[in-house]
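Before any comments, here is the structure.
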Amino acid sequence: MTHPPKAEGDPQPSDATEPELQYISVKEIVEATSLPAHLFTDRIERERKRIPHLLLVRNLRFSMDAILQWELANSVRGGVPEAVVQIVEPEPEPDASGRVPRWHELVREQDGERCDSVR
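The working numbering puts the sequence shown at residues 17 to 135.
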């Protein structure tokens with residue numbers, strides 16, 4: 017944000033009393049926060065989550081300070097989840113010929129197994 021040139025008699029504002037507001041685009045806020053883009057681009061999602069934003073003639077802008085405060089206020093503190101160990105059985109090797117059996121062949125096999133168990 018640029019300010020008009022000051023006259024010589026005008027007092028200079030101190031940095032502590034007037035922080036410079038900088039508004040950035042959706043792309044820049046997504047890169048800076050690593051949050052999903054739909055949080056910022058979708059109007060309904062912004063309103064539901066009460067994300068601070070500024071809409072200027074169809075230009076959506078965000079303040080990094082406001083987003084940081086919003087993120088801290090809406091974050092859930094959690095611990096590091098324990099690793100979940102899942103044993104995965106290897107899949108059987110597919111038929112080398114690449115041929116997939118037809119349904120009637122599978123039914124015939126199943127019927128044959130049923131008949132073999134009766135004998």
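Just so you know, even glycine gets a beta-carbon here, dropped at the ideal spot from N, CA and C.
Here the structure is a predicted model, which means the values were calculated and not measured.
Integer Cβ distance of residue i from residue j, believed to fall under 8 Å
| i | j | result |
| --- | --- | --- |
| Val42 | Leu76 | 6 Å |
| Leu55 | Lys65 | 7 Å |
| Pro68 | Trp86 | 5 Å |
| His70 | Tyr39 | The amino acid at residue 70 is misidentified as His; the sequence shows Leu. Correct: roughly 6 Å between the Cβ atoms. |
Residue interval of the beta strand (DSSP E) (run including residue i)
| i | result |
| --- | --- |
| Arg77 | 75–79 |
| Leu37 | Run containing Leu37: none; DSSP gives neither H nor E here. |
Span of the alpha helix (DSSP H), counted from its first residue to its last, around residue i
| i | result |
| --- | --- |
| Leu55 | 54–57 |
DSSP-derived helix/strand/coil call for residue i
| i | result |
| --- | --- |
| Leu88 | helix |
| Leu51 | coil |
Neighbourhood of residue i by C-beta, 6 Å cutoff - its chain only, sequence neighbours within 5 removed
| i | result |
| --- | --- |
| Pro117 | none |
| Val92 | none |
| Asp58 | none |
Same chain, Cβ closer than 7 Å to residue i, neighbours up to 5 away in sequence not counted
| i | result |
| --- | --- |
| Val46 | Ala53, Phe56 |
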